[in-house]
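Participant:
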Amino acid sequence: MQAESISNPFSVIHYNYSWSAVKEQVYELLNRFPNRYKMAYHEEDEQKIILFTSLDFSVFGKQRMTVVYISKIDDANDNCILAYEAKNYTGDITSKEDFDRGQYFIDALTEDMMLVY
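Each step along the sequence shown adds one to the number in UniProt numbering, with nothing skipped, and position 64 is 64.
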């Protein structure tokens, strides 16, 4: 019998603009899609943002919320490499369904960021 191993969805994406531009995009997303994205944490020194994401907070509440961590992982000033990781509201992802939902929210977030750029 083979055990299934599930990990948190993770993506690394290179952007040709600065961390400040990324922050502006995130704040624009928060304004445009308040039922989909909520700011959980922002730390300028660590260059990290944590977002709560949901298809609709007013419908699903926090039980079906996915937490997306965005971290700048390079030291360049005029461009950046961002790492995205998704987790459940209650912690690490442990099922295929949660993994797929987490990957969906990472993909949706990166697409939405490109729309507001």
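Where a beta carbon is used, it is the ideal one built from N, C-alpha and C, also for glycine.
From Y15, N79, S95, L109, pick the residue whose C-alpha is nearest to that of Y69; which is it?
Facilitator: Minimum Cα distance to Y69 is reached at L109.
Participant: Please report the residue range of the beta strand (DSSP E) in which L82 lies.
Facilitator: Note, L82: beta strand (DSSP E), 80-88.
Participant: How would you label G91, buried or exposed, when you count the other beta carbons within 10 angstroms and need 16 or more for buried?
Facilitator: exposed
Participant: Taking only three categories from DSSP, how would you classify A40?
Facilitator: strand
Participant: Using the Cα positions of R36 and H14, report the straight-line distance between them to the nearest angstrom.
Facilitator: If you take the alpha carbons of R36 and H14, they lie about 24 Å apart.
Participant: Within its chain, find whatever has a CB closer than 8 Å to the CB of I93; leave out the 5 residues flanking it on each side and keep chain order.
Facilitator: I6, S7, N8, P9, A86, K87, F99, G102
Participant: Using the three-state DSSP reduction, which class does I70 fall into: helix, strand or coil?
Facilitator: Strand.
Participant: Bridge partners for L99 per DSSP, in chain order?
Facilitator: As written in the sequence, residue 99 is Phe, which differs from the Leu given in the question. Partner(s): none; F99 has no beta bridge.
Participant: Are the CB atoms of L30 and A40 within a distance shorter than 8 Å?
Facilitator: no
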